[in-house]
């Protein structure tokens, strides 16, 4: 068995979700879950089928984001994994509807950070062991950091005041 990492290809500020599901209708159900949250969100989805024709199934309302999701799905190549790339919205806007999709088994990450996917490869195929999401902590927040965090959440409209 080989263990290696695959860097997620994405624009620096792009948000994405990486998860695992178990059925071919995942692509349509995730599409409907995202489309039902907010009409301004642009997205692309790719899902790695793990049996039968074993194709990457794809959807979305933005061809460029669907292409990006597809390239990443092919690079990771783990059966039943899915990538969702977003613009004009954040993972927090769509994560609960995606988690409510009956086929979704787990979410590995939902982030705009640089990500490396830790992959194991055997004779049977590939599996996601986990992710390296961003960097390690550089310290503990101080008083000014707390104020900056509170100010930022209000600036982007996630808290009142």
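Residue numbers (the numbering used here): 31 to 191. Beta carbons are placed, not taken as given, at the ideal position from N, Cα and C, and that holds for glycine.
Next on the checklist: Just to confirm before moving on: does the CB-CB distance between residue 134 and residue 49 stay below 8 Å?
Outcome noted: Yes, they are a contact pair.
Item to check | Run of the beta strand (DSSP E) containing residue 155, from where it starts to where it stops | outcome: Note, residue 155: beta strand (DSSP E), 155 to 163.
Checklist entry - Per DSSP, residue 33 is paired with what? => result The partner list for residue 33 (beta bridge, DSSP) reads 150.
Next on the checklist: Is it buried or exposed, residue 176, if we count other Cβ atoms within 10 angstroms and call 16 or more buried?
Outcome noted: Around the beta-carbon of residue 176, fewer than 16 other beta-carbon atoms lie within 10 Å, marking it exposed.
Item to check | Assigned exposure category for residue 170 - 16 Cβ within 10 Å defines buried | outcome: When all chains shown are included, residue 170 counts as exposed.
Item to check | Helix, strand or coil at residue 126 according to DSSP, with G and I counted as helix | outcome: Under the three-state reduction of DSSP, residue 126 is assigned to helix.
Next on the checklist: Can you tell me which residues form a DSSP beta bridge with residue 116?
Outcome noted: In DSSP, residue 116 forms a bridge with 45, 73.
Item to check | Assigned exposure category for residue 33 - 16 Cβ within 10 Å defines buried | outcome: Exposed is the label assigned to residue 33, since fewer than 16 other Cβ atoms lie within 10 Å of its Cβ.
Checklist entry - So the alpha helix (DSSP H) residue 88 belongs to, where does it begin and stop? => result Note, residue 88: premise wrong, no alpha helix (DSSP H); beta strand (DSSP E) at 86 to 90.
Item to check | Secondary structure of residue 141, DSSP reduced to three states | outcome: When secondary structure is reduced to three states using DSSP, residue 141 falls in the strand class.
Item to check | Extent of the continuous alpha helix (DSSP H) to which residue 106 belongs | outcome: From DSSP, the alpha helix (DSSP H) with residue 106 extends over 93 to 106.
Item to check | Contact belief for residue 54 with residue 112 at Cβ below 8 Å, rounded distance in angstroms | outcome: Actually they do not touch by this definition, with Cβ atoms about 12 Å apart.
Checklist entry - Under a Cβ-count criterion, where at least 16 other Cβ atoms within 10 Å of its own Cβ denotes burial, should residue 107 be classed as buried or exposed? => result The residue in question, residue 107, is buried, as its Cβ has 16 or more Cβ neighbours within 10 Å.
Next on the checklist: Please report the distance separating the alpha-carbon of residue 82 from that of residue 109.
Outcome noted: Their Cα atoms are separated by approximately 11 Å.
Item to check | Sequence-distant residues of the same chain with beta carbon closer than 7 Å to residue 129, five excluded per side | outcome: Excluding its 5 nearest sequence neighbours in each direction, residue 129 has C-beta neighbours in its own chain below 7 Å: 137, listed in chain order.
Checklist entry - Can you give the beta carbon distance from residue 131 to residue 139, rounded, assuming they're within the 8 Å contact cut? => result Rounded, the Cβ-Cβ distance is 17 Å, inconsistent with contact.
Checklist entry - What's the call for residue 197, buried or exposed, on a 16-neighbour Cβ count within 10 Å? => result Any answer about residue 197 is impossible in this case: the structure gives the chain only from 31 up to 191.
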